[in-house]
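Novice: Read in order, the letters of the sequence shown correspond to residues -18 to -1, 1 to 435 in mature numbering (1 follows the signal peptide of the UniProt record, and there is no 0). Beta carbons are placed, not taken as given, at the ideal position from N, Cα and C, and that holds for glycine. In this text, all values refer to a predicted model and were calculated from it rather than measured experimentally.
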Amino acid sequence: MLWILCLALCSLLTRTRADPGALLRLGMDIMNQVQSAMDESHILEKMAAEAGKKQPGMKPIKGITNLKVKDVQLPVITLNFVPGVGIFQCVSTGMTITGKSFMGGNMEIIVALNITATNQLLRDEETGLPVFKSEGCEVILVNVKTNLPSNMLPKVVNKFLDSTLHKVLPGLMCPAIDAVLVYVNRKWTNLSDPMPVGQMGTVKYVLTSTPATTASYIQLDFSPVVQQQKGKTIKLADAGEALVFPKGHAEGSSQLLLPDALLSAELALLQKSFHVNVRDTTIGELPPQTTETLAGFIPEVSAAYPKSKPLTTQIKIKKPPKVTMKTGKSLLHFHGTLEMFAVWQRGKAPMSLFLLEVHFNLKVQYSVRENRLQMATSLDRLLSLSRKSSSIGNFNEKELTGFITDYLEEAYIPVVNDVLQVGLPLPDFLAMNYNLAKLDVVENALMLDLKLG
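See the structure below:
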């Protein structure tokens, strides 16, 4: 019984490690968007404007009437990660509170204060999206000045100020924290939306669990869903080992890690788009695409076609494309067939000369354009050629290696690069601008070092 339990646990651990997923680390550089969110939303100014209005259920403050808040200072926000909890936030600001005092005159209270709260990044159970939630909001007075007469008893003044400010400030400031987080949370709303990969399907990034907070970053684990246009889901290949961030990134920086298995699944959506029929007889720097040219490599062609005929070529990718990555180098693997035809005149169907099985690799360079991952390829090498059928008799297909290599470079690779221009979607969160990211090919993954500018 114990042996069976061990096997089950080992199997579970293996599946966990093999899950390719996608990983996102948010360092303090990205999380400081809370500062810009408070600036963009002008929330403190809005709260100040509301302070003087009579709110339902709000009791009047004894000793002060016609309450107004003005001259709200630009807040300075300090954030710190709290491991296992979230982000500790301190907002330092100041303002002037005015009104009629209990003595009948105009009163001004100039306040400098800190608002502190802990912001947890959770996973919303209904939407599955990340969501910030604030708890433990406190308002700490740093400095208070007033125009109340100096001949008043200090204890009376301090008691009045303490009573007034502790009634006004928490109700004014703490909702501001919550309102800013609502503003930030809106920037997560598109994260799990399906995003198109050309016209062939979609990919969406599904958050698998509650984000984990360490002393340096918040990590989000995704399970991307790649789906064909007709609804069939493409399963990501078993990665074989856990996806981990490489060491050496700057403290407080943010990264996105995309496994090669995910890119392979996305390119599988485009598999049929890589099928081509090339009918041009003049292609780039290649010699004319005719039986006469082909006979220079395979003499048997001359016997079958003493009079030169134009050639057409059909390439089909029979297996889903596969991306592999080793540090500094990424390859795109194609397995398929290449068939050449002699074209007859007067409407006759082209005659197949031979059908070859081919396996070749393309080198991949990555970039980002318009927030989509772009791939540009060039031929790495032709790995194998094998003859599957022939109408011109037996011949040594290895004699075609140079001819097919040149053909792939000049005629086929441009087609592949045109297809890849659709770009691959990247996670849409916090209005991230991926165009500034630095891209590195690491072991089994592509890492994007995220920048705000």
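For the stretch 196 to 204 against the stretch 424 to 435, do three or more pairs of beta-carbon atoms, one drawn from each stretch, fall closer than 8 Å, so that the two count as touching?
Specialist: No: fewer than three Cβ pairs fall under 8 Å.
Novice: Quick test of your reading: Leu6 and Ala158, contact by CB under 8 Å. State the CB separation rounded to the nearest angstrom.
Specialist: At roughly 28 Å, the Cβ-Cβ gap does not stay under 8 Å, so Leu6 and Ala158 are not in contact.
Novice: Run the CB neighbour count on Ile122, radius 10 Å, all protein chains shown included, and call it buried at 16 or more, exposed below.
Specialist: So Ile122 counts as exposed.
Novice: Are the CB atoms of Tyr394 and Asn353 within a distance shorter than 8 Å?
Specialist: In this structure, Tyr394 does not lie closer than 8 Å to Asn353 by Cβ.
Novice: Taking only the alpha-carbon atoms, compute the straight-line gap between Asp53 and Ala94 and give it to the nearest angstrom.
Specialist: C-alpha separation (whole angstroms): 11 Å.
Novice: Quick check: the stretch 352 to 368 against the stretch 397 to 413, are there 3 or more CB pairs under 8 Å?
Specialist: Verdict: yes, contact present.
Novice: From this set, Pro269, Met10 and Val162, which residue's C-alpha is nearest Ala232's C-alpha?
Specialist: Selected option, being the one with the closest Cα: Met10.
Novice: Between the C-alpha atoms of Ser246 and Ala99, what's the straight-line distance to the nearest angstrom?
Specialist: Straight-line Cα distance between these residues: approximately 43 Å.
Novice: Assign Val67 to one of two classes, buried (16 or more other C-beta atoms within 10 Å of its C-beta) or exposed (fewer than that).
Specialist: By the neighbour-count rule (16 or more Cβ atoms within 10 Å), Val67 is not buried but exposed.
Novice: Can you tell me which of Lys370, Ser366 and Ser371 puts its alpha carbon nearest to the alpha carbon of Lys380?
Specialist: Of the listed residues, the one whose Cα sits closest to Lys380 is Ser366.
Novice: DSSP three-state label for Met414, please.
Specialist: In this structure, Met414 counts as coil in the three-state DSSP scheme.
Novice: Taking 7 Å as the limit between beta carbons, can you name the residues of its chain near Lys334, skipping five residues before and five after?
Specialist: It should be noted that the sequence gives Ser, not Lys, for residue 334. Here the set comprises Glu321, Phe323 and Ser373.
Novice: Given Ile265, which residues of its chain have a CB within under 6 Å of its CB, disregarding the five upstream and five downstream residues?
Specialist: For Ile265, where only same-chain residues beyond five positions count, the Cβ hits under 6 Å are Glu392 and Ala393.
Novice: Less than 8 Å between the CB atoms is what I'm expecting for Glu90 and Thr128, so what's the real figure, rounded?
Specialist: Yes, Glu90 and Thr128 are in contact; Cβ-Cβ is about 7 Å, under 8 Å.
Novice: For the pair the stretch 273 to 286 and the stretch 226 to 241, tell me if three or more CB-CB distances fall below 8 Å.
Specialist: Not touching, per the Cβ criterion.
Novice: Can you tell which of Gly329, His317, Met414 and Ser349 has the C-alpha that lies nearest to the C-alpha of Ser368?
Specialist: Cα-wise, what sits closest to Ser368 is His317.
Novice: Whose C-beta lies closer than 7 Å to the C-beta of Phe377 among residues of the same chain, with five residues either side of it excluded?
Specialist: If we look at Phe377 and ignore the five residues flanking it on each side, its Cβ neighbours are Ile280 and Glu282.
Novice: Below 8 Å on the Cβ atoms is my contact criterion, and I expect Lys169 with Phe411 to pass it. Report the Cβ-Cβ distance as a whole number of Å.
Specialist: Confirmed, Cβ separation roughly 7 Å.
Novice: Determine the burial state of Glu248: buried for a count of at least 16 other Cβ atoms within 10 Å of its Cβ, exposed for fewer.
Specialist: Result: buried.
Novice: Using a Cβ-Cβ cut-off of 7 Å (strictly less than) and excluding sequence neighbours within five positions of Leu432, which residues of its own chain qualify?
Specialist: These residues qualify, in order along the chain: Ile12, Ser236, Gln237, Leu238, Met414 and Ala419.
Novice: What number of angstroms, rounded off, separates the C-alpha of Ile79 from the C-alpha of Val162?
Specialist: Using only the alpha carbons, I get a separation of about 22 Å.
Novice: Just reading off the alpha helix (DSSP H) that Leu276 is part of, what are its end residues?
Specialist: Taken as a continuous stretch (DSSP letters only), the alpha helix (DSSP H) holding Leu276 covers Thr273 to Ala277.
Novice: Give me the Cβ distance between Val179 and Val185, rounded to the nearest whole Å; I'm assuming they're in contact under 8 Å.
Specialist: Between Val185 and Val179 the Cβ distance is about 6 Å, and since that is below 8 Å, they are a contact.
Novice: Kindly list the residues whose CB is nearer than 6 Å to the CB of Gly375, restricted to its own chain and excluding five residues on each side of it in sequence; keep chain order.
Specialist: Within the same chain, Gly375 has close Cβ partners Glu282.
Novice: Put Met307 into one of helix, strand or coil per three-state DSSP.
Specialist: Strand.
Novice: Only counting the same chain, and skipping five residues up and downstream in sequence, which positions put a Cβ closer than 6 Å to that of Val113?
Specialist: Only Leu104, Asp106 and Asn167 meet the Cβ criterion.
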